[in-house]
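One structure is given below, encoded as structure tokens.
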Amino acid sequence: MPQSGSPCKRSQKPFFTLVPTIFCQHAYKVEIVPAFENKLDNRTIEENMKKILAPMATLSHEAFRRCVARFGGCDEYFTEMINAGSLIHMGPFEKFYLMSGPEPEKIVWQITGSRTDYMTEAARILSEREGLGIDINMGCSAPQIANTGAGVAWMLKPLDETRNLVKSVKTASGQKRLSVKLRLGDENFTEEKLFDFCKMLVDEGVEMLTLHPRTKKEK
Ligand SMILES: Cc1cc2nc3c(=O)[nH]c(=O)nc-3n(C[C@H](O)[C@H](O)[C@H](O)COP(=O)(O)O)c2cc1C
């Protein structure tokens, strides 16, 4: 997928992926992520593949991860999206969102929110927990998320506003890998706009991108 001139040159760390899914039923969704970073190594694409449990609200929780683990497990487990504001104010359900079994070292915490200060504080809190990374949700287009300025709304704000968010979350994430899950954009997206957006993310230190290759309106 990445061509020269794209934001994902081999010299840079991030890898970029479409998200083909196996086990098409949502309840068993596992995303396969080819690590393009390594594509020139003497290994097959299959050897470079990682099995990653997709972030899925109401599904990607510890109970489900335990089931997945019994069927061979994954290399990484994205959590359900965690609302940054609720996390920092420790809402009544946060203790469930913060469960990280059965393999805490493989957890990627996904955060969502519309405010840079809340997202930053949430990243700081999560950076102190076990887990391999923090993921910013820039892909959710559900009206109750996108209409508040969270999820895919970050792709549609002025670029510098989103750059500030990423910069701030990156600093707060410490040693944890920072990734972003995104969509193509809105219905007027162009490849150029998408790549410019990805380039900005990479320039700000995002180390992995997951593309859900649909527009804002597409379900
Ligand atoms: C029930 C459900 C919940 C989801 N929750 C999230 C979420 O919390 N964060 C996120 O980035 N994507 C979420 N997604 C999107 C998936 O991670 C994935 O990118 C998408 O479903 C892939 O497209 P497909 O359903 O056509 O295979 C969710 C999808 C489903 C079906």
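Just so you know, we're using this note's numbering here: the sequence shown kicks off at 27 and counts up by one.
Every residue gets a Cβ at the ideal spot worked out from N, C-alpha and C, and that includes glycine.
Predicted, not measured: the structure shown is a model, and the values here were computed from it.
- Item | Runs of alpha helix (DSSP H) lying entirely within the region 195-241, each at least 4 residues, in chain order | 217-229
- Backbone secondary structure at LYS76 - three-state DSSP: strand
- ARG240: CB within 8 Å of a non-hydrogen atom of ligand 1: yes
- Query: Would a C-beta distance cut-off of 9 Å place ARG209 and THR188 closer than the cut-off?
  - Reply: no
- Query: Can you tell me whether DSSP reads THR138 as helix, strand or coil?
  - Reply: strand
- Message: I'd like to confirm something about THR84: is its beta-carbon nearer than 8 Å to some heavy atom of ligand 1, or not?
- Response: yes
- Message: Can you tell me whether PRO81 sits near ligand 1, meaning its C-beta is under 8 Å from at least one heavy atom of the ligand?
- Response: yes
- Query: Is CYS165 near ligand 1, going by C-beta to nearest heavy atom under 8 Å?
  - Reply: Checking the sequence, you will find Gly at residue 165 rather than Cys. Answer for GLY165: yes, Cβ within range of ligand 1.
- Message: Relative to the C-alpha of VAL195, which candidate in GLY165, GLU230, LYS183 has its C-alpha closest?
- Response: GLU230
- Query: Is GLN136 near ligand 1, with its Cβ less than 8 Å from a heavy atom?
  - Reply: yes
- Message: If you measure between the beta carbons of LYS193 and LEU235, is that distance less than 9 Å?
- Response: no
- Task: With a 10 Å radius around its C-beta and 16 neighbouring C-beta atoms as the bar for buried, classify ASN109 as buried or exposed.
- Result: buried
- For MET105, which of helix, strand or coil comes out of DSSP? Contrary to the premise, residue 105 reads as Thr rather than Met in this sequence. In the structure shown, THR105 sits in a strand (DSSP, three-state: E or B).
- Task: Classify MET164 as helix, strand or coil using the three-state DSSP reduction.
- Result: strand
- Message: Considering only the alpha carbon of each residue, which of SER112, MET116, MET82 lies closest to SER140?
- Response: SER112
- Item | Outcome for MET116 when other beta-carbon atoms lying within 10 angstroms are tallied against a minimum of 16 | exposed
- Query: When DSSP labels each residue in this structure, what does GLY159 get in the three-state scheme?
  - Reply: strand
- Between MET145 and ILE137, is the Cβ-Cβ spacing less than 9 Å? yes
- Cβ shell of LEU220 (< 8 Å), same chain only, five flanking positions each side left out: LEU210, GLY211
- Item | Close beta carbons around TYR103, own chain, < 6 Å, minus the five adjacent residues each side | LEU79, ARG91, LYS132, ILE133
- Message: Whole angstroms are fine: how far does the CA of ALA168 sit from the CA of ILE151?
- Response: 26 Å
- Counterpart residues of ILE171 in DSSP-defined beta bridges: According to DSSP, which records beta bridges pairwise, ILE171 is partnered with nothing at all.
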